[in-house]
Every structure is written in C-alpha cells, then in structure tokens.
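Accompanying notes for the structure given below.
In my numbering, the protein residues as written are 30 to 74.
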C-alpha cells in the first residue's frame, strides 16, 4: 500500500476548501470545517 504524503495543516485546509468545505471556527490549535451537505471535520494545527 502506498504511503500518504505529509501535508502541512494549511495545505489540508486549502484542499478541503477547494472541495467545498468552509472554515466554521478556529479554537486554540484546531480548525473545524463544514461542507454544505453536513459533513464536519476537525483539523489539528
């Protein structure tokens, strides 16, 4: 199985924003993002 590339948190956020997600809030060292269809995820910084 191929290994996933190591990405910086800002690269992940940018890629997800391009996929339709929007940053909902930032608190401490975490960012919560949400897609219009209801999917939510948290990204540690």
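Glycine included, every Cβ here is placed at the ideal spot set by N, Cα and C.
Inset, instruction - Report the residue ranges of all beta strand (DSSP E) runs contained in full by the segment 32 to 58; include only those spanning at least 3 residues, in chain order. - result: 51 to 56
Legend entry - Secondary structure of residue 63, DSSP reduced to three states: On the chain shown, residue 63 is found 34 positions in, with the first residue counted as 1. Correct three-state label for residue 63: strand.
Inset, instruction - Output yes or no for whether 8 Å exceeds the beta carbon distance between residue 74 and residue 52. - result: The residue given as residue 74 occupies position 45 in the chain shown. The residue given as residue 52 occupies position 23 in the chain shown. No; because the gap between Cβ atoms is not below 8 Å, this pair is not in contact.
Legend entry - Best match in 69, 70, 71 and 64 for proximity to residue 49 [C-alpha to C-alpha]: Taking the chain shown and counting its residues from 1, the one referred to as residue 49 is at position 20. That would be 64, whose Cα lies nearest to the Cα of residue 49.
Legend entry - Burial state of residue 36, where buried means 16 or more other Cβ atoms lie within 10 Å: Working through the chain shown from its first residue, we reach residue 36 at position 7. Answer is exposed; the Cβ neighbour count stays below 16.
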